[in-house]
Amino acid sequence: MSGPNLFEPLIHIGYHKTGSSWFQRNIWINSELGFFQFEKQQNTHAYFIHPRPFDFDAEKARQHFQAVINENAKKGLKSVISSEQLTGNPNSGGYNQRLIADRLCAAFPNAQVFLAIREQSSMTLSAYKQYVRAGGAGSIEQYVNPPEAGRRSVPLFDLDNFAYHQLIAYYYQLFGRKNVLVLPYEMFARDPKEYLRRILQLVDMPIDEGKLDKLPFERPVNAGKSGAHVAIKRRLNFWFVADRVNPVAPFPIKGANKVIKQSCLGLEYLVPDGISKMLDKRRKKRVEEIVGDRFAGSNALTAELIGIDLRQYGYPVSARAVEKREPRQSELTVAAL
């Protein structure tokens, strides 16, 4: 082992709802494990996500981060750029995923990349709950099947954002397979230490089992809300929360979303636990019906790409689903890697 290249960053790109917040609060800031995390995600967004297509400056972006990366390298620390927004926002269907990937590569072509995925039904339900948390007022059906779905003039939620093989193949193409690690979130839930070992192996950092034993694996961050909480907040959002996911509330109140979040924490306890669980179960069943085996072919390609049998983690995987149709261009790219 040659040792870690500390003068290149580790870029953690998401996806959303795969434990990113837990990593940002417990791993990437952990100097004992050998990491340093840039404090403000907003800086990452300002340089890699927000610039208009003709305004992005790769050299300016690299220089902004490189000085800190170099200082950390002298201290023996691996710098981490982490934001789940780097895989795009699920509420807009990840429409800018490729653009962001190109920008990251233009600025840091020798970086290492970590990506976490999640079984698509579970991912969709979790994304919907996050949408409601952000101020969304649509039902699960309205969220998953937005008006004029498939038309790209106004980006909206798009289930195909969770066809992971396309993004994985592209990152392999940009950064090289050996520099990109993709793991299922379900592995973290089942065996968090093994999950972390693989990340440390990616960046050639030493693995100290004693330090891993001290990590707060039992403390979730941004845990999903109850069925009652989601139902109450969605209806209050409709009337009072005007924001990017609900721009036309009839009676918009500045700061309403924060107040409603706090109010729902109390209101949900007025709903019997059995009813709350029933609402959750009904919503989960509806999502599973919508998603079905839609991603079985994509998951087969993903499993082959990352070398992990996704069936053991509950992903629908079907080689037959791949064989019975003509391959897309992105899948031809996969075959060439």
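For the sequence shown, position 255 (counting from the first letter as 1) is numbered 254 according to numbering that gives the first Met the number 0, and the numbering increases by one without interruption. Where a beta carbon is used, it is the ideal one built from N, C-alpha and C, also for glycine.
According to DSSP, is D157 part of a helix, a strand, or is it coil? coil
Going by Cα to Cα distance, which pick from E70, S121, F35 and P246 is closest to H15? Comparing Cα positions, the closest option is S121.
Hey, is the segment 47-67 in contact with the segment 105-120, meaning 3+ C-beta pairs nearer than 8 angstroms? yes
Rounded Cβ spacing between V244 and A133 (contact assumed at less than 8 angstroms): 5 angstroms
Element boundaries [alpha helix (DSSP H), containing S275]: D272 to V290
Thinking C-alpha only, which one of Q119, R117, E118 and I139 is nearest Y127? Distance check between Y127 and each of Q119, R117, E118 and I139 places I139 closest, using alpha-carbon atoms only.
Which residue wins for smallest C-alpha separation from N95, given the options R51, G135 and F250? R51
Quickly, what does DSSP pair K77 with across the bridge? List them, please. F34
Using beta-carbon positions only, say whether D159 and G226 come within less than 7 angstroms of one another. no
Using the beta-carbon count (16 or more within 10 Å), is S30 buried or exposed? Per the 10 Å Cβ criterion, exposed.
Answer with buried or exposed for D157, where buried requires no fewer than 16 other C-beta atoms within 10 angstroms of its C-beta. buried
Below 6 angstroms CB to CB, which residues in the same chain sit around E267 once its five sequence neighbours on both sides are set aside? S225, A227 and H228
Taking the CB atoms as reference points, tell me whether F337 and A255 lie closer together than 7 angstroms. Since the first residue of the chain shown is 0 and the last is 336, residue 337 is not available in this structure.
For N245, three-class secondary structure by DSSP: strand
Using the beta-carbon count (16 or more within 10 Å), is R324 buried or exposed? Legend: pLDDT at R324 = 41, less than 50; position of this residue unreliable, value from coordinates given subsequently. When all chains shown are included, R324 counts as exposed.
In the DSSP assignment, what residue or residues form a beta bridge with L180? F113
Grouping DSSP H, G and I as helix and E and B as strand, with all else coil, what is H15? coil
According to DSSP, simplified to helix, strand and coil, what is I206? coil
For L309 and L195, what's the separation of their Cα atoms in angstroms? 18 angstroms
When burial is assigned at 16 or more other CB atoms within 10 Å of the CB, is N298 buried or exposed? Answer is buried; the Cβ neighbour count reaches 16.
Under 7 angstroms between the Cβ atoms of V286 and L155? no
Taking all protein chains shown into account, decide if A168 is buried (16 or more other Cβ within 10 angstroms of its Cβ) or exposed. Looking at its Cβ environment, which holds 16 or more other Cβ atoms inside 10 Å, A168 is buried.
Leaving out five residues on either side along the sequence, give the residues of the same chain with a beta carbon under 8 angstroms from the beta carbon of D242. A133, G134 and N256
Determine the extent of the alpha helix (DSSP H) in which F174 is found, giving its start and end residues. Y163 to F174
Q36 vs S82 beta-carbon contact at 7 angstroms: no
Could you check how far apart the C-beta atoms of E118 and G313 are, in whole angstroms? I think they sit under 8 angstroms. 5 angstroms
Look up L9 in the DSSP assignment and give the residues it is bridged to. V79 and Q111
Check whether L85 and G18 have beta carbons under 7 angstroms apart: no
If we ignore side chains and look at the alpha-carbon of each, how far apart do H11 and V179 end up? 10 angstroms
For F239, name the three-state secondary structure that DSSP assigns. In the displayed model, F239 falls within a helix according to three-state DSSP.
In angstroms with no decimal places, state the Cα-to-Cα distance between F294 and Y170. 20 angstroms
Identify, in the order they occur along the chain, each residue of the same chain with its Cβ nearer than 6 angstroms to the Cβ of S91, setting aside the five sequence neighbours on each side. Close CB contacts of S91 within its chain, under the 6 angstroms cut and outside five residues either way in sequence, are with P154 (chain order).
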